[in-house]
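Trainee: Protein chains in written order, with this note's numbering: chain V, 874 to 1025; chain U, 8 to 285. All residues carry an ideal CB built from backbone N, CA and C; glycine is no exception. Treat the numbers as computed from the prediction; the structure is a model and nothing was measured.
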Amino acid sequence: MNVTQESETVQTADRAEHAEGYEPKLVAFLCKWCSYAGADLAGGSRIKYPANVRIIRVPCSCRIDPKLVVKALERGADGVLVSGCHPGDCHYTEGNYYTRRRMLMLFKLLEFLGIDPKRVQMSWVSASEGPKWAEVVEEVTEDIKSLGPIRT
Amino acid sequence: MKEITKNIRTEARKLLQDERADVVIGYEQGSDEEVATPCFITDVSQVDRLMFDEHCFHNLAKYLVGQEGYLTSRFVAEDKRPRVAMVATPATLRSIVGLIQEHQFARDKLIILGILDGTPVGIEPDVLVGQIEEDQETRARIMAQVREIEEMSASERWAWWEEQFSRCIRCYACRQVCPFCYCEQCISDENQPQWFGRSPSPGNNRTWNIIRALHLVGRCTDCGECDRVCPVDIPLSLLAVKMAGEVEEAYGYRAGADVETKPALHSFRPDDPDDFIR
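Set out below in structure tokens:
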């Protein structure tokens, strides 16, 4: 199946869902050292948060090439969340500083092209912030729910 | 303009006669009066082909880099590469600055016959061959259009860009002409994995254009060549100007303004704006 066909199938499915009890698809890219551990802690502490999020673990938030975000949106994600260590806490010292610059530019470009800035968001979640992770996912899911399926 | 042509020819003759350069890259008369075309002079007898007028706007920096570039060719050993002299308009000069910043070649590898227009270029030409007037009109027009799009609602903006990108025929002229698209393998040619399809379709076109624009953030020196060569008139300059504005606002960085600084996305400050992060 080629790329276009596949994403069109996903879209049709999305539109149908929107009619009755629409649940958005949220793709989250989490840095392995902080945010992923934070999400793990949330799970370990049995904190409830929406199951809309699909987590992808990456070695560092700096690994998150903007093309990954664009591709996720293109292939049917309604929103993307990028999460890494707080500034100064990067396992590789400075990876998250580069991410911060790169993501701001990505968000500005997507906004200029007409994608609502709420669809692509970024957060700092440390390994000890299980409750914050749950909160972030809840808020982002709400944001995207209010926007509805992405137009692609 | 006549004066500039004369200066270029004199300088080129000197460079070739003294064997300080093996090739002079400049402009010559094209197929008619209204057209100029890049040319490569390697012999003193050919020097009078060089000229300069208002149709000489091509960004010649493209010829320096990439797989087949004069200064970085992978097919020619480093010590066999020609010594290049280049006629450089302000746009070309800014691109040269960007390429030096990205360590594509060292400043002393290139002899620059510079033409300035009063705007800052961040590099000292080896020889100043002339002064031209700044083209403020084009810039003002693009800025106005960027503002117009910014004022649209999100869905209007989406529809507007969809319509623009839908015309894309994926000829990659924008990539081929851009001095900063010097990757040995472009992401659009990769198929393991394939990031987006090669055939023109709304999704593929959109992804290609977004990724192309992203790869140029903080690097594009806004020469406008992509806009000029696009056979279906997609206003790519709008993306360039918009993103240049964002980079300057957030990080106080202007591409092509200083050889010494690092490009915006290759560097950071601990106190960069982060009010968009949860």
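1) Taking Pro1004(V) as part of the alpha helix (DSSP H), name the residues at either end of that continuous run.
2) Taking C-beta pairs closer than 7 Å, name the residues in chain U that Phe980(V) reaches, listed in chain order.
3) Any residues in the region 944-958 of chain V with a beta carbon nearer than 7 Å to a beta carbon of chain U? Which ones, in chain order?
4) For chain V, check one thing: does any of its Cβ atoms lie closer than 7 Å to the Cβ of Leu221(U)?
5) Just to confirm, are Cys175(U) and Cys233(U) a CB contact at a threshold of 7 Å?
6) Tell me which same chain residues have a C-beta within less than 8 Å of the C-beta of Phe112(U), skipping the five on either side of it?
7) Strictly by DSSP, which residues pair up with Cys904(V)?
8) Who are the near neighbours of Thr126(U) in its chain, counting only those whose CB is closer than 8 Å to its CB and skipping five residues on each side?
9) Leaving out the 5 sequence neighbours to the left and right, which residues in its chain are closer than 6 Å to Asp133(U) when beta-carbon positions are compared?
10) Among Tyr971(V), Val953(V), Cys907(V) and His959(V), which residue has its Cα nearest to the Cα of Asn925(V)?
11) When the Cβ atoms of the region 52-61 of chain U are set against those of the region 994-1002 of chain V, are three or more pairs found closer than 8 Å?
12) Tell me whether the beta-carbon of Ser934(V) lies closer than 7 Å to the beta-carbon of Gly1003(V).
13) With H, G and I counted as helix, E and B as strand and the rest as coil, what does DSSP make of Met250(U)?
14) Nearest-angstrom Cα distance between Pro299(U) and Leu67(U)?
15) With 9 Å as the limit, tell me which residues of the region 981-994 of chain V have their beta carbon closer than that to any beta carbon of chain U; keep them in chain order.
16) Should Glu253(U) be flagged as near chain V, meaning a C-beta pair shorter than 7 Å?
17) Assuming contact is defined by CB atoms lying nearer than 7 Å, are Asn216(U) and Phe187(U) in contact in what I supplied?
18) Is it true that the CB of Tyr922(V) sits closer than 7 Å to the CB of Glu1011(V)?
19) Output needed in chain order: residues of the region 960-972 of chain V with a Cβ under 8 Å from some Cβ in chain U.
20) Could you give the distance in angstroms between the alpha-carbon of Leu221(U) and the alpha-carbon of Lys940(V)?
21) Kindly indicate if chain U contains any beta-carbon less than 7 Å away from that of Ser996(V).
22) Among the candidates Val993(V), Arg936(V), Ile988(V) and Gly957(V), whose CA atom is the shortest distance from the CA of Met159(U)?
23) Check whether the Cβ atoms of Val54(U) and Arg16(U) sit closer than 7 Å, and answer yes or no.
24) Would you kindly work out how many angstroms separate the C-alpha atoms of Val136(U) and Glu26(U), rounded to a whole number?
25) Which residues bound the beta strand (DSSP E) around Tyr34(U)?
26) Hey, is Arg148(U)'s beta-carbon within less than 7 Å of any beta-carbon in chain V?
27) Leaving out the 5 sequence neighbours to the left and right, which residues in its chain are closer than 7 Å to Leu246(U) when beta-carbon positions are compared?
28) Determine the DSSP secondary structure at Thr44(U), reduced to helix, strand or coil.
29) Just checking: is the beta-carbon of Ile176(U) within a distance shorter than 7 Å of some beta-carbon in chain V?
30) Kindly identify the DSSP beta-bridge partner or partners of Ile119(U).
31) Listing by chain order, which chain U residues have their CB less than 7 Å from the CB of Pro939(V)?
32) How close, in whole Å, do the beta carbons of Gly121(U) and Arg101(U) come, if the pair is a contact with beta carbons under 8 Å?
33) According to a CB-to-CB cut-off of less than 9 Å, which residues of the region 157-170 of chain U neighbour chain V?
34) Can you list the alpha helix (DSSP H) stretches of 4 or more residues lying completely in the region 151-183 of chain U, in chain order?
35) Gly105(U) by DSSP, collapsed to three states: which one?
36) Considering only the alpha carbon of each residue, which of Leu983(V), Thr966(V), Arg973(V) and Glu1015(V) lies closest to Ala161(U)?
Mentor: On the basis of the data shown:
1) Gly1003 to Leu1020
2) Going along chain U in sequence order, the residues near Phe980(V) (Cβ under 7 Å) are Phe283.
3) Lys944 and Glu947
4) Among the CB atoms of chain V, one or more fall inside 7 Å of the CB of Leu221(U).
5) no
6) Leu71, Val72, Leu78, Thr79 and Leu106
7) Val931(V)
8) Pro97 and Glu141
9) Excluding its 5 nearest sequence neighbours in each direction, Asp133(U) has C-beta neighbours in its own chain below 6 Å: Ile118 and Ile119, listed in chain order.
10) Out of Tyr971(V), Val953(V), Cys907(V) and His959(V), Val953(V) has the C-alpha closest to the C-alpha of Asn925(V).
11) Counting Cβ pairs under 8 Å, fewer than three are found: no touch.
12) no
13) helix
14) Outside the shown range of chain U, which is 8 to 285, sits residue 299(U), and nothing can be said about it.
15) Lys981, Leu982, Leu983, Glu984, Phe985, Leu986, Gly987, Ile988, Asp989, Pro990 and Gln994
16) Chain V, which has a Cβ nearer than 7 Å to the Cβ of Glu253(U), makes this yes.
17) no
18) yes
19) Pro960, Gly961, Glu967, Tyr970 and Tyr971
20) Going by the C-alpha atoms only, they are around 9 Å apart.
21) yes
22) Ile988(V)
23) Yes, Cβ-Cβ distance for Val54(U) and Arg16(U) is below 7 Å.
24) Their Cα atoms are separated by approximately 19 Å.
25) Val30 to Gln36
26) Chain V places no beta carbon closer than 7 Å to that of Arg148(U), leaving this residue out of the contacts.
27) Ala220.
28) strand
29) no
30) Met93(U)
31) Leu221
32) Here Gly121(U) is actually not in contact with Arg101(U); their C-beta atoms are around 11 Å apart, not less than 8 Å.
33) Glu157, Met159, Ser160, Ala161, Ser162, Glu163, Arg164, Trp165, Ala166, Trp167, Trp168 and Glu169
34) 161-173
35) The answer is helix: DSSP assigns Gly105(U) an H, G or I state.
36) Leu983(V)
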